[in-house]
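Residue numbers (our numbering): -15 to 108.
For glycine and all other residues, C-beta sits at the position ideal for the given N, C-alpha and C.
Next up, the structure:
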């Protein structure tokens, strides 16, 4: 099983980000806002898990923002196989994101995708 992120797995257009944020299911936590959306699979196309990261200047300077984006991509890369096969997700990095360790971020991410993909189980 490969855990590599390919170019096809990145959300690129603003329209794609907006669709996920408007129509997806969100999980809020201190370090990030995580949103998942199940797009319709076009006939004849292969299912793919895609992700995008939004980090505004409020998070910090360019070095800090890029580190946050790298950490989000790594979280997605490590746990992508736990997500549904055809899904789009967006991380909105919050100001406190750099204050968390990778292990804490990983725990929050696992909570987020369990909440978003299995809403009834996580409510118990």
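CA-to-CA distance, residue j to residue i, given in whole angstroms
i          : j           : result
residue 14 : residue 81  : 7 Å
residue 22 : residue 31  : 11 Å
residue 86 : residue 71  : 24 Å
residue 59 : residue 29  : 26 Å
residue 7  : residue 45  : 30 Å
residue 26 : residue -1  : 17 Å
residue 92 : residue 102 : 15 Å
residue 24 : residue 39  : 27 Å
residue -8 : residue 83  : 31 Å
residue 43 : residue 1   : 19 Å
residue -3 : residue 69  : 21 Å
Residue i classed as buried or exposed, judged by whether at least 16 other C-beta atoms fall within 10 angstroms
i           : result
residue -10 : exposed
residue 49  : buried
Coil, strand or helix - residue i by DSSP
i           : result
residue 138 : Residue 138 cannot be examined here, being either before or after the span of the chain that is shown, -15 to 108.
residue 32  : coil
residue -12 : coil
residue 84  : coil
residue 70  : coil
residue 39  : coil
residue 55  : helix
Proximity of residue i and residue j at Cβ, strictly below 9 Å
i           : j           : result
residue 73  : residue 4   : yes
residue 67  : residue 97  : yes
residue 20  : residue 100 : yes
residue 114 : residue 57  : For residue 114 there is no data in the structure shown, the boundaries of the chain being -15 and 108.
residue -6  : residue 34  : yes
Nearest-angstrom beta carbon gap, residue j and residue i [assumed within contact, 8 Å]
i           : j          : result
residue -13 : residue 62 : 6 Å
residue 55  : residue 89 : 6 Å
Proximity test, residue i beta-carbon vs the ligand NAP heavy atom, cut-off 8 Å
i         : result
residue 1 : In the structure shown, the ligand NAP is absent, as is every other ligand, since no ligand is present at all.
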